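Working notes, beginning with the structure itself.
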Ligand code: ADP
């Protein structure tokens, strides 16, 4: 087991690495506060909702913090505001709790959502705070701008071991990010390591996030939890935090991917979480005979469950997609909704994308795509030829993503007129097979076995089509980004792929992409061939689809409205 209890000196020493001088004086003060926090958690009767929802005033004598605004805003000259649309009333406050968030740390779509949805919610008159772990891997350019917001000690384990909880704050674009600081739990290079380390880490994180809200006296209307890493939040709220100020909040838990659930044996989770025995029953955390499931507990105790598309909301109630929780989800289906994800259209804006050789809008997409294609072909060592049909694939390389199908058809795909570009990392078997195909089809296949945001932008812009043949796909963002960039998606009809990509109808000339239903390589190849046929024989219709895709609303606006409605349903 990892965490070894730190002495107070160690804690103070570590703090010195990131916090300036005056903080040392606060160590004692924080120890006093800690006692107060513990007492209030243990004894306080249910407090009325505090009047103040704004962040608690700083009690320290630290020198005033410099404004932390991201670069582009720094030199903005005040321009008379155009009439801002009136914000919908009433205002609601929301705390997002999750394990990753772009640009601090991102391994997949969850990171995108944690970044983009809060921003969209601000436009829906929501006051949003995002609570994240302060991983050591967060780039220094963000770490150095964080402001110390306070610290306290918190009981965690069943035997009362207590741990340091620091709060570091960063405000950006109207969203407040509070990072939970603890070097024992968050010092690894990656957010996720292995379950033996991750289980204690996210027990700590869930409890510390709630304790931090109490500590900051920022009591939101809604606590919005994301995936299993925040699964224990609703459980804690209804057990150990019952009667503390934060317990007045309602909880929503969003399933971004049901495959990962945080399952481990009961004694380990009971020890690390310090949760009472009664939550380890089959209706809540208990799974099978000896395991506890952190996500399952969260689904039980949350006031509302959402997932990231309507189709996935239905699919996960079936054994094939339910990952062992289908019966549990059917039981809770009354509080389960599907709200499809969007993308941040400022971040994904091909007309202002500096990473591209030739930024473009829908007015010049057809011409500029060729320029982007040639630039990328040159950069990647592919045959430079704008007439080739270029297919991209940007993905975590796991069996979820339909890569077995892709691997089995590459020889038929490469026909002299087609190029294939992969970007991704993950399972060794997929990394190796894509490397193999790059060697076997030099000049036509390029495998970028890496995680690279810049290259992703270039591939979205340079490709004619993007492949997303997933076995299951809760929502999927790559097909949305592709459409935004005028790249036609070829997808399997599952989850969010089904909800966001309308199949091309050759009779009415409608639709956004090419789709297939059953998980079969022949059907994938058929969908690709239908795409190629349109591309090579009826380019005019292909080009119309490119423009139609760029015009499609894939923004967060609609979905943010639906989340807001949900918040109001829970807290009228
Ligand atoms: P998931 O969350 O299952 O990984 P999504 O489609 O929801 O899949 O989100 C994937 C996100 O990660 C997209 O923003 C995509 O561009 C990005 N992405 C995936 N792999 C890479 C990579 N190797 N390099 C850069 N970005 C990547």
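In our numbering, the protein residues as written are 259 to 830. Every residue gets a Cβ at the ideal spot worked out from N, C-alpha and C, and that includes glycine. For clarity, every value in this text was computed on a predicted model and none was experimentally measured.
If you drop the 5 nearest sequence neighbours on each side, which residues of the same chain put their C-beta closer than 7 Å to that of residue i?
i, result
"residue 591", "575"
"residue 296", "Unreliable positioning characterises residue 296 in this predicted model, as indicated by a pLDDT of 40, which lies under 50. The coordinate reading is nonetheless provided below. Cβ within range, chain order: 413."
"residue 801", "624"
"residue 268", "Unreliable positioning characterises residue 268 in this predicted model, as indicated by a pLDDT of 39, which lies under 50. The coordinate reading is nonetheless provided below. Contacts found: none."
"residue 780", "none"
"residue 807", "741, 744, 746 and 770"
"residue 453", "522"
"residue 531", "461 and 490"
"residue 609", "617, 618 and 619"
"residue 899", "The question about residue 899 has no answer here: the residues shown for the chain are numbered 259 through 830."
Please classify residue i: does DSSP put it in a helix, a strand, or coil?
i, result
"residue 804", "helix"
"residue 794", "helix"
"residue 406", "strand"
"residue 774", "strand"
"residue 690", "helix"
"residue 503", "helix"
"residue 824", "helix"
"residue 292", "Below a pLDDT of 50, predicted positions are generally treated as unreliable, and residue 292, at 41, falls in that range; the measurement from the model is reported next regardless. If DSSP states are grouped into helix, strand and coil, residue 292 belongs with the helices."
"residue 284", "With a pLDDT of 37 at residue 284, under the threshold of 50, the modelled position of this residue cannot be trusted; read the value that follows with caution. In this structure, residue 284 counts as helix in the three-state DSSP scheme."
"residue 498", "coil"
"residue 677", "strand"
"residue 559", "helix"
"residue 313", "For residue 313, the predicted model reports a pLDDT of 37, less than 50, meaning its position is unreliable; a value from the coordinates is still stated below. Looking at residue 313 - three-state DSSP - the assignment turns out to be coil, as it is neither helix nor strand."
"residue 758", "helix"
"residue 517", "coil"
"residue 647", "strand"
"residue 510", "strand"
"residue 659", "helix"
"residue 632", "helix"
"residue 352", "strand"
"residue 537", "helix"
"residue 749", "strand"
"residue 554", "helix"
"residue 816", "helix"
Using the C-alpha atoms, what's the distance from residue j back to residue i?
i, j, result
"residue 869", "residue 798", "Nothing about residue 869 can be reported from this structure: the residues present for the chain run from 259 to 830 only."
"residue 403", "residue 427", "8 Å"
"residue 544", "residue 767", "52 Å"
"residue 394", "residue 362", "10 Å"
"residue 771", "residue 788", "10 Å"
"residue 611", "residue 550", "45 Å"
"residue 440", "residue 384", "29 Å"
"residue 555", "residue 469", "19 Å"
"residue 349", "residue 830", "11 Å"
"residue 659", "residue 776", "14 Å"
"residue 648", "residue 724", "9 Å"
"residue 824", "residue 700", "52 Å"
"residue 390", "residue 636", "40 Å"
"residue 420", "residue 471", "18 Å"
"residue 663", "residue 754", "19 Å"
"residue 606", "residue 369", "15 Å"
"residue 443", "residue 493", "21 Å"
"residue 815", "residue 600", "8 Å"
"residue 790", "residue 640", "19 Å"
"residue 538", "residue 415", "15 Å"
"residue 535", "residue 526", "12 Å"
"residue 812", "residue 417", "49 Å"
Cutting at 8 Å between CB atoms, please list the residues of its own chain near residue i, excluding the five before and the five after it.
i, result
"residue 683", "654, 655, 689, 707, 708 and 709"
"residue 379", "352, 386, 818, 821 and 822"
"residue 630", "614, 615, 616, 618, 716, 719 and 720"
"residue 449", "357, 358, 363, 365, 391, 393 and 395"
"residue 712", "613"
Strictly under 7 Å for the Cβ-Cβ distance: is residue i near chain C by that measure?
i, result
"residue 793", "Protein chain content of the structure displayed is limited to a single chain, and chain C is not contained in it."
Grab me the residues of residue i's own chain with a C-beta within less than 6 Å of its C-beta, minus the 5 sequence neighbours each way, in chain order.
i, result
"residue 805", "620"
"residue 407", "425 and 427"
"residue 367", "735"
"residue 445", "394"
"residue 552", "486, 489, 490 and 520"
"residue 513", "565"
"residue 668", "695"
Unbroken beta strand (DSSP E) runs of length 3 or more, entirely within the stretch 568 to 627: which are they? Runs of the beta strand (DSSP E) inside the stretch 568 to 627: 594 to 596.
Complete runs of the beta strand (DSSP E) confined to the stretch 422 to 494 [at least 3 residues]: If one requires a minimum length of 3 residues, the beta strand (DSSP E) runs lying completely within the stretch 422 to 494 are 433 to 439 and 480 to 484, in chain order.
Complete alpha helix (DSSP H) runs within the stretch 699 to 747 (minimum length 4 residues, chain order): Listed in chain order, the complete alpha helix (DSSP H) runs (minimum 4 residues) inside the stretch 699 to 747 are 711 to 720 and 736 to 742.
Where in the stretch 361 to 420 do unbroken runs of the beta strand (DSSP E), each at least 3 residues long, occur, reported from the N-terminal end onward? With a minimum length of 3 residues, the continuous beta strand (DSSP E) runs that stay inside the stretch 361 to 420 are 384 to 391 and 405 to 413.
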